[in-house]
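Sequential numbering of the sequence shown, starting at 2, is according to our numbering.
Remarks on the structure that follows.
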Amino acid sequence: MQAWSATSKDEIIECLQRLIVLATIKGNISNSYLVMNESAGVNYPQYTTRGWFAWANGLFGELIIKLTEYHESDYRYKALAEIVKQGF
């Protein structure tokens, strides 16, 4: 949700990078796919709840679509969108 309300491109990129890292942590039930979890432990992010959370996955996908449509000229969004496509 922070990425949706972020006021700077750098903050959005930082949020997306954290989400991608959390979605691909080893030990995560879904580490071979780029999927969002319900929550991750603050001190131990490899411990997650609900390894497949459809609402969060849909929201993440919608965010990527929004960013690539509205910020087409920013190569960072395009690079992250490519990473996401490979994960799905």
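Positions of the beta carbon are idealized from the N, C-alpha and C atoms, including for glycine.
Computed from a prediction, not measured in an experiment: that's the story for all the values here.
{"Asked": "Determine, using beta carbons only, whether Ser9 comes closer than 7 Å to chain D.", "Found": "Absent from the structure is chain D; it holds one protein chain and no more."}
{"Asked": "How long is the line joining the alpha carbons of Ala41 and Arg19, rounded to whole angstroms?", "Found": "11 Å"}
{"Asked": "With DSSP run on the structure shown, which of helix, strand or coil describes Ala55?", "Found": "helix"}
{"Asked": "For Glu39 and Ala24, I'd like the C-alpha separation in whole angstroms.", "Found": "11 Å"}
{"Asked": "Leaving aside the five residues before and after Leu64 along the sequence, list all residues of the same chain whose C-beta is less than 7 Å from its C-beta, in chain order.", "Found": "Ala4 and Trp5"}
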